[in-house]
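**Q** Below is one structure. I have some questions about it.
In full-length UniProt numbering, the protein residues as written are 1 to 96.
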């Protein structure tokens with residue numbers, strides 16, 4: 001009801017906010033989409049969006065974190081959420 005856009009709540013001069021504007025998201029998505037299919041062969045749940053996976057992999061590598069740690073930190077850090085996507089978008093695509 002009273003949701004405010006994330007970009008109105010953070011400092012857009014933050015390094016991750018600036019990097020978001022410079023990242024070639026479309027090119028990354030095109031390059032990775034064939035390697036990250038939308039569904040598993042033979043069925044299964046839909047995959048997470050390619051841009052979300054690419055963003056989380058970047059953050060994991062940049063901060064030298066485990067899979068679990070990067071997911072936990074992403075949920076708690078609005079700059080990480082802004083870097084890749086809004087929390088609601090990711091949760092809508094997440095399993096269960």
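Note that CB positions come from ideal geometry on N, CA and C, so glycine has one too. Note that this is a predicted model, so its numbers are computed, not measured.
Tell me whether residue 59 counts as near the ligand ADP, meaning its Cβ is closer than 7 Å to at least one heavy atom of that ligand.
**A** This structure simply doesn't include the ligand ADP, nor any ligand for that matter.
**Q** Determine the closest residue to residue 49 out of 8, 42 and 36, with distance taken between C-alpha atoms.
**A** The shortest Cα separation from residue 49 among 8, 42 and 36 belongs to 36.
**Q** How would you call residue 55, buried or exposed, if buried means at least 16 neighbouring beta carbons within 10 angstroms?
**A** Buried, because 16 or more other Cβ atoms sit within 10 Å of the Cβ of residue 55.
**Q** Just checking, does the segment 16–25 make contact with the segment 72–83 on the three C-beta pairs under 8 Å criterion?
**A** Because the criterion of three Cβ pairs below 8 Å is met, the segment 16–25 and the segment 72–83 touch.
**Q** How many angstroms separate the CA atom of residue 67 from the CA atom of residue 53?
**A** Approximately 11 Å between the Cα atoms of the pair.
**Q** Quick check on the DSSP output: the alpha helix (DSSP H) that includes residue 24 runs from which residue to which?
**A** Here residue 24 belongs to no alpha helix (DSSP H), and DSSP marks it neither H nor E.
**Q** Straight-line CA distance for residue 90 to residue 74?
**A** Note on residue 90: pLDDT 49, under 50, position unreliable in the model; no value is reported.
**Q** Of the choices 61, 43 and 26, whose alpha-carbon is the least far from that of residue 51?
**A** For the residues 61, 43 and 26, the minimum Cα distance to residue 51 belongs to 26.
**Q** Between the Cα of residue 57 and those of 32, 44, 6 and 42, spot the shortest distance and give me the residue it belongs to.
**A** Minimum Cα distance to residue 57 is reached at 32.
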